[in-house]
Amino acid sequence: MSAGEPLLEARNLVKEFTTNTGGVLSGKKRAFRAVDDVSFAVGRARTVAVVGESGSGKSTTARMVARLMPADGGSVLLDGEDVTHGTGAALKHFRSQVQVVFQDPFSSLNPRHTVDRIITAPLDYQGMGVPGGKRQLVKGLMERVGLNPDHSGRYPSQFSGGQAQRIGIARALAVKPKLLICDEAVSALDVSVQAQVINLFKSLQAEDGYSIIFIAHDLAVVRQIAHDVVVMNRGAVVESGTRDEIFDNPTQPYTRSLLAAIPTINPEWEARRRVNEQRERAALT
Amino acid sequence: MNRTESKARDDGGALLEVRGLTVTFGTPRGDVDVVRDLSFTVDRRQTLGIVGESGSGKSMTSLAVMGLLPKGATASGSIRLDGVEILGKSDAALRKLRGNSMAMVFQDPLSSLNPYYTVGLQITEAYRAHHNVSRKAARAVAIEALDRVRIKDPHLRIDHYPHQFSGGMRQRIMIAIALCCEPDLVIADEPTTALDVTVQAQILELMADLQAETGTGMIFITHDLAVVSQVAQDVVVMNGGVQVEAGSTEQIFSAPQHDYTRALLAAIPRLDDDLEELKMVGDFRTGATR
Ligand SMILES: Nc1ncnc2c1ncn2[C@@H]1O[C@H](COP(=O)(O)OP(=O)(O)O)[C@@H](O)[C@H]1O
Ligand SMILES: Nc1ncnc2c1ncn2[C@@H]1O[C@H](COP(=O)(O)OP(=O)(O)O)[C@@H](O)[C@H]1O
Ligand SMILES: [Mg+2]
Ligand SMILES: [Mg+2]
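Order-wise, the sequence lines are chains G and H.
25 is the number of the first residue of the first sequence in this note's numbering; add one for each residue after it.
1031 is the number of the first residue of the second sequence in this note's numbering; add one for each residue after it.
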């Protein structure tokens, strides 16, 4: 990971849920560790991807880091400061630095509020003043995420899935956070839209320097955006490292099996397609 | 289940022939075609892939073939199954074809399975809808169906409820139900989209094995170009309800003719490409957002 103190550290995080064993009616309860001693660090202006199959504990980890769910063990450090249990002003300050973008843009946007109001809600919660005025800020943010600023009076249902996800991103960026936590933020989007949103995250990160925790189950997507990768399985970290370490030299069989299962297009066809397209481009010039 | 002769006459004609299929929704603001003038054929033992982004009309196409379009939608054109026109057939006639001659596998097995019935009951009901046999005989068929989709201990698992199975297992059960009457045509609409990649790989392998065993014709619908490239011999690329391009899988993937297909192919993140910016289908900063 990057040199210097990391922006965020998750140390030995634990989450237990109680489950009913042997069916709903038996009444037998058992504690089950959804997240079991998970540690990782997020460098400044870096993107750490957390990958793993469904149920591996990615979202639960993200929720604990985002202070949306209390941890049963371990701690979260932001800028070297323990933020695991802070309340009141401390929690408010934390929320101005850490913002979350969820998978389903529509269910995370209030359908009865205009884009204007949605984007400025975190600012209102923070009681932040806006130099230049809110209207200007909303327009600026909408432009940055690739939305038409003239649509700020519209409601979420008037946008497509990809556009709604941009609204969620604009809202997260309004408070100028240091860390964005994206939980499957591009998973529900079509590939073309997915490519746009990934490029958007990257270009905005280059401009603003925020860090990202990028949670995803699609490793090909992760490879496009991550600097570092944490692989989870059954609540635990299987292995972690830089993107190239994980993708080029995975040490764990579990990581290898995940990589091997990704469907790919016949490389011969891919090569022929590239040659064909190059030839056509050459013929045009 | 010993596979007997195909119900369809294998006379060299196409198993399914769709010509000029148009699906129209009546809305307060007038009629909207969500599928327009679509034509394709599916042969026995062959898988036709239909690929496109969300909203491109893939599901409406499959529902039209199955005679399961939602209220408010009408289909026109021609859909011939084994040479016989089925578009416009009565509900009763279509019900007889469904399950028996053509069957469907959906994306989400949990919402297609009834949580209150054992999987055994759900398979036997599907079977008994088309076969006049005793419960006991149907149970034997169901056990064999579970065995065929490689579920271990089928004689025990048959009495379990859907929630007692993992997502991948549930999709195996849906496949068992679809195949229990040995249909000639199976339509799989995003059958692996909700599954983890490792499970997806297992289900795709299972479907290929079963197709080789039974000789079923298949329509495999997906938004995932890599998946379609692995399972299909022929591909139809759809966008906005119309066919953009169609051809053999090799043709589509090695020499796509249409800009839309090319843009889609360029937008997929790969494990081996160089990591410049992903190519975009339309530049969002110029307003072409979706
Ligand atoms: N609120 C909850 N109550 C009980 N179990 C939960 C709860 N949230 C998640 N789980 C369980 O914890 C495990 C990890 O879930 P999650 O963190 O959502 O995984 P992922 O995001 O990797 O798919 C799963 O087995 C899930 O069923
Ligand atoms: N009940 C409905 N009324 C009007 N339009 C509908 C209805 N259901 C679906 N559609 C539209 O039909 C189009 C095709 O949908 P669908 O076949 O489900 O797409 P796909 O399966 O390719 O994602 C979409 O634009 C969708 O909005
Ligand atoms: Mg999750
Ligand atoms: Mg669909």
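By construction, the Cβ of each residue, glycine as well, lies at the ideal position given by its N, Cα and C atoms.
At a cut-off of 8 Å between beta-carbon atoms, Glu1280(H) makes contact with chain G.
For the pair Ser1092(H) and Thr1052(H), the CB atoms are not nearer than the 8 Å cut-off. By the 16-neighbour rule on beta-carbons within 10 angstroms, Pro1286(H) is buried. With its beta carbon less than 8 Å from one in chain G, His1253(H) belongs to the interface.
In chain order, Lys39, Thr84, Arg87 place their CB closer than 8 Å to the CB of Met93(G), counting only its own chain and leaving out the 5 sequence neighbours on each side. Between Ile286(G) and Thr279(G), the C-beta spacing is not below 8 Å. Per the coordinates, the alpha-carbon of Asp1303(H) lies some 10 Å from the alpha-carbon of Arg247(G).
Taking a Cβ-Cβ threshold of 8 Å, the residues of chain H close to Phe271(G) are Leu1301, in chain order.
Ala113(G) has its alpha-carbon roughly 56 Å from the corresponding atom of Val1261(H). Taking 8 Å as the cut-off, the beta carbon of Val1266(H) is found no closer than this to the beta carbon of Phe1136(H).
By the rule that beta-carbons nearer than 8 Å mark a contact, Thr1057(H) does not touch chain G. Contact between the region 62-74 of chain G and the region 229-241 of chain G is present: three or more C-beta pairs spanning the two stretches fall below 8 Å.
Not a single C-beta of chain G is nearer than 8 Å to the C-beta of Ala1156(H).
Not a single heavy atom of ligand 2 lies less than 7 Å from the C-beta of Phe183(G).
Remark: the shortest separation between the CB of Pro1221(H) and any heavy atom of ligand 2 does not fall under 7 Å. The alpha-carbon of Phe183(G) is positioned some 15 Å away from that of Ala212(G).
The C-alpha of Pro1145(H) lies about 7 Å from the C-alpha of His1193(H). Annotated three-state conformation of Ile1109(H) is strand, per DSSP. Checking the 7 Å criterion, the Cβ of Ser132(G) is out of range of every heavy atom belonging to ligand 3. Residues of the region 1128-1144 of chain H with a C-beta atom less than 8 Å from some C-beta of chain G do not occur.
Residue burial annotation: Gly1113(H) is exposed, with fewer than 16 other C-beta atoms found within 10 angstroms of its C-beta. Under the three-state reduction of DSSP, Val1257(H) is assigned to helix. Each of Ala58(G), Pro291(G), Asp128(G), Asp96(G) was checked against the Cα of Ala1256(H), and the nearest Cα belongs to Pro291(G). Annotation: Cβ neighbours of Asn290(G) in chain H (cutoff 9 Å, chain order): Ser1259, Gln1260, Thr1279, Glu1280, Phe1283, Ser1284.
When the five nearest sequence neighbours on each side are left out, the beta carbons in the same chain lying within less than 7 Å of the beta carbon of Ile1207(H) are those of Gln1152, Ile1153, Ala1156, in order along the chain. Relative to ligand 3, Asp242(G) has its C-beta separated by 7 Å or more from all heavy atoms.
Relative to ligand 1, the nearest heavy atom lies less than 7 Å away from the CB of Phe41(G). Take the alpha-carbon of His1288(H) and the one of Ile1249(H): they are about 22 Å apart.
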